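Shown next, in structure tokens, is the structure this report addresses.
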Amino acid sequence: MSLFDKFQPIAEVRAELQQLGVMPFGAVTEKLLSATEGIVNGHRVILAGTNNYLGLTFDPECIAAARRALEELGTGTTGSRMANGTFREHVELERELADFFGRSHSIVFSTGYAATMGMGSTLAGPGDVIVLDADSHASIYDGVRLGGAEIIRFRHNDPADLEKRLRRLGERIQNTLIIVEGVYSMMGDQAPLAEIAEVKRRHGGMLLVDEAHSLGMLGEHGRGVAEAAGVEDEVDFIVGTFSKSLGAIGGYCVSNHAELDTIRFAIRSYIFTASPSPSVVASTRVALRLLQQRPELRERLWENAERLYEGLKQLGLRVSPQLSPVIAVTVEDRRQAIDWWNRLMERGAYVNLVMPPASPTPASLLRCSVSAAHSSEQIDRIIEAFASLQATAGTP
Ligand code: PMP
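Residues are numbered in the working numbering as their position in the sequence shown, beginning at 1, plus a constant of 2.
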């Protein structure tokens, strides 16, 4: 026995991939030609799995703001928010986020992972209860396990199952935190948040929604699924990330609970890590403004989503159940998924290969995500890449 024995399953998968001559995890982006095209592992490809929903990574205003901050404030803060790492930029972004979401309080974190993990681990501790969607993201699971609360899972997107579990809690509902995501990251399906909020209204507890993928994507103002479902008042905490529609890195939590400002001083993933670099915060602030000023980006995103979703469906592929900018093609056989991922790359489409346990089912996924920056012609080229696979390999 050695410390390394437990890594054997990972080593076996890596050996299998190496034998197939494919290295999908950690493929190297050698050069970017735009927000939607680049050279990856030597292939010129359309970027079809970036989560860059609004396509803002190359926005000239975002870049100019980042460049200015870099010159004026340097490359990094070199410290935690609690020590030397709170700059005026962080405080201003917190205010802008609170205003955008119509909430009184907000915290900026260094990553989305730190935000979700930090809130999950701090809000509920020993003696408390967490009731969460079974398909929750790893950052949610990591957080709640660390916190030490009792963890109860309900069936994915099933408000009736949530209700059953809340009913059983009795008095303990007062110490219960319910956690769901807005749009689920792998399949792109939305939480039935109106029904979930109704269950919460009837039974009690607090509700935290991770809107990592839905910010800028859904809702009249782009605030996410809670806005789209008209239930923002029932959501106690919204967490999310700057790494998708805002094109940077970092995370946030917003709330109307004044206690958030006290809780801030107990969140270890906030306290014991350096704050985001000024250039990152500066580009995020501009991106948040553009998200509000340019609703046409959201429209374009959904046009592209529909074009790809319908195109892949017409090929007879097993696409995600719900139309979304995240479109996963299910491939039962792992080897076939690897082979297809590789051939898609050769044919100019770079998608995400997702294998269990990262996929929510025992099958593998070829996960695509579209951007407002994709042209219709690029979307058609992604569809053609899938079509050419099928011509040689049959429908999965
Ligand atoms: N929550 C969800 C639902 C996510 O999908 C992700 C990232 N994939 C995160 C949190 C973490 O965000 P980040 O990668 O920006 O740290």
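All C-beta atoms, glycine included, are put in the ideal place defined by N, C-alpha and C. All of these numbers come straight from a predicted model, not from anything done at the bench.
Taking C-beta atoms as the reference points, residue 118 and residue 191 fail to come closer than 8 Å. As computed with DSSP, residue 276 is found in a beta bridge with 82. Per DSSP, reduced to three states, the secondary structure at residue 315 is helical.
Selection 103, 278 and 157 evaluated against residue 223 yields 103 as nearest (Cα-Cα).
Taken from the Cβ of residue 180, every heavy atom of ligand 1 lies 7 Å or farther away.
Pairing residue 262 with residue 107 gives a Cβ-Cβ distance under 8 Å. Secondary structure of residue 192 (DSSP, three-state): strand. If the five residues before and after residue 328 are omitted, its C-beta is found closer than 6 Å to the C-beta atoms of 190 and 371, all from its own chain and listed in chain order.
In chain order, 150 place their CB closer than 6 Å to the CB of residue 128, counting only its own chain and leaving out the 5 sequence neighbours on each side. In chain order, 317 place their CB closer than 6 Å to the CB of residue 389, counting only its own chain and leaving out the 5 sequence neighbours on each side. A distance below 7 Å between beta-carbons, with the five flanking residues on each side excluded, links residue 82 to the following residues of its chain, in chain order: 273, 274, 275, 276 and 277. According to DSSP, residue 332 shares a beta bridge with 367. Between residue 185 and the set 177, 135 and 179, the nearest pair of CA atoms involves 135.
The C-beta of residue 21 has fewer than 16 other C-beta atoms within 10 Å across all chains shown, which makes the residue exposed.
The beta carbons of residue 98 and residue 287 sit closer together than 8 Å. Judged by DSSP secondary structure, residue 70 falls within the alpha helix (DSSP H) whose first and last residues are 62–75.
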